[in-house]
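Please read the structure below before turning to the comments.
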Amino acid sequence: MAPAQEWTFDGFDGRRAARCWVRGTPRYVALLCHGYGEHIGRYEYVAHTLTGHGAAVYGLDHVGHGKSAGERVLITDFELVVDDLHLLADRARADHPGLPVVLIGHSMGGLIAARYAQRHGSELAALVLSGPVLGRWDAVTQLLSLPEIPDTPIDVDTLSRDPDVGRAYAADPLVWHGKFQRRTLEAMAAALETINAGGDLGELPTLWIHGAEDLLVPVDGSREGVERIRGSRFSQQIFPGARHEVFNEENRDEVLSTVTRFIDGVLG
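In this text, residue positions in the sequence shown follow full-length UniProt numbering: the first is 1, and each later residue adds one.
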């Protein structure tokens, strides 16, 4: 496996931790965008698969996540998170000039990736949305309606049918195990409205993948958002029995093969 190179850069309000995985002579760049409460270090297997497929893989810890600066899991404006991701993309393009760029976002990272594509789609060769927070996420509405956000951690059993995934998540010190920040939920609700009104993705090739048994980000709510932004080159794959983290599911290799076949179809 290609060893990860780690570094930091200046984000919109502090230092951001980033890493890349590169092996041999890559034929494209893959940007990974992680979800709420986690960090890019949880994507080692995804990076291993993609580097074997010919990618130079880049990712960062979002503000308030993982090794990056900021109050834990506090995001007040997702437009600024997109700005940080764009800085990472600039670094990747400088390292590998001329290579096509594929953006892959999971969960909250799917929200960030979708907004990135609306703003910077001309710089992308393709977009992959995995269990994306798009369209309607009832959990945000329900939590914001409460006078106090409950201190209820994510049920690790909703992540994957593989129990080792839940155990590793629960033991990971870089994963946030506390409650949501109200301001983060408000920013997420605002970002959903912005994306819903932001227009479709035109001719940007887009793949939507989702677990059919995803209880954290249910398929139906995401479908509403995907239908609003999908362009003319769109495909989808809903995996029966799979839960939220399809890249960490029992059939992860099938999921990643779906992604790499899609990329091959785009790049030729």
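Using N, Cα and C, we set each Cβ at its ideal position, and we do this for glycine too. Just so we're clear, the structure is a prediction, and the values are computed from it rather than from any experiment.
Does the distance from the C-beta atom of residue i to that of residue j stay below 8 Å?
{"i": "R161", "j": "E250", "result": "yes"}
{"i": "L174", "j": "G41", "result": "yes"}
{"i": "L134", "j": "S222", "result": "yes"}
{"i": "H48", "j": "L159", "result": "no"}
{"i": "A117", "j": "L111", "result": "no"}
{"i": "G66", "j": "A17", "result": "yes"}
{"i": "A191", "j": "F78", "result": "yes"}
{"i": "G265", "j": "H210", "result": "no"}
{"i": "C33", "j": "L103", "result": "yes"}
{"i": "V101", "j": "L31", "result": "yes"}
Give the C-beta separation of residue i and residue j to the nearest angstrom, bearing in mind that I take them to be a contact with Cβ-Cβ under 8 Å.
{"i": "F12", "j": "L80", "result": "4 Å"}
{"i": "G59", "j": "Y43", "result": "6 Å"}
{"i": "D200", "j": "R230", "result": "6 Å"}
{"i": "N248", "j": "V128", "result": "15 Å between Cβ atoms; not a contact."}
{"i": "V259", "j": "L207", "result": "7 Å"}
{"i": "V29", "j": "H96", "result": "5 Å"}
Just reading off the alpha helix (DSSP H) that residue i is part of, what are its end residues?
{"i": "I112", "result": "M108 to H120"}
{"i": "H142", "result": "Sequence check: residue 142 is Gln here, not His. Its alpha helix (DSSP H) spans residues D138 to L144."}
{"i": "Y169", "result": "P163 to A171"}
{"i": "L85", "result": "F78 to D95"}
{"i": "I263", "result": "R252 to L267"}
{"i": "T158", "result": "It is not in any alpha helix (DSSP H) - T158 carries neither H nor E in the DSSP assignment."}
{"i": "A187", "result": "R182 to N196"}
{"i": "V133", "result": "Where V133 is concerned, there is no enclosing alpha helix (DSSP H), given that its DSSP letter is neither H nor E."}
{"i": "I229", "result": "V219 to I229"}
Do you know offhand how far residue i's Cα is from residue j's?
{"i": "T152", "j": "G178", "result": "7 Å"}
{"i": "F239", "j": "L85", "result": "28 Å"}
{"i": "A114", "j": "G105", "result": "8 Å"}
{"i": "R183", "j": "R228", "result": "25 Å"}
{"i": "R27", "j": "R93", "result": "12 Å"}
{"i": "L74", "j": "E186", "result": "11 Å"}
{"i": "A170", "j": "G35", "result": "15 Å"}
{"i": "I195", "j": "G202", "result": "14 Å"}
{"i": "V219", "j": "E254", "result": "19 Å"}
{"i": "G268", "j": "T51", "result": "17 Å"}
{"i": "G225", "j": "R91", "result": "30 Å"}
{"i": "A4", "j": "P147", "result": "43 Å"}
{"i": "V82", "j": "R15", "result": "15 Å"}
{"i": "G64", "j": "F180", "result": "12 Å"}
{"i": "A56", "j": "S122", "result": "20 Å"}
{"i": "V22", "j": "W176", "result": "28 Å"}
{"i": "residue 274", "j": "A2", "result": "Because the chain spans 1 through 268 in this model, residue 274 falls outside it and cannot be assessed."}
{"i": "L144", "j": "P205", "result": "34 Å"}
{"i": "R261", "j": "D61", "result": "27 Å"}
{"i": "L88", "j": "R19", "result": "10 Å"}
{"i": "residue 306", "j": "V140", "result": "Outside the shown range of the chain, which is 1 to 268, sits residue 306, and nothing can be said about it."}
{"i": "P150", "j": "D138", "result": "16 Å"}
{"i": "D155", "j": "P163", "result": "12 Å"}
Following the continuous beta strand (DSSP E) through residue i, name the residue where it begins and the one where it ends.
{"i": "H210", "result": "T206 to G211"}
{"i": "F239", "result": "F234 to F239"}
Is there a Cβ of chain D sitting closer than 8 Å to that of residue i, yes or no?
{"i": "V46", "result": "Any reference to chain D falls outside this structure, which holds one protein chain only."}
Every unbroken alpha helix (DSSP H) inside the segment 7–88 [4 residues or more]: 44–52
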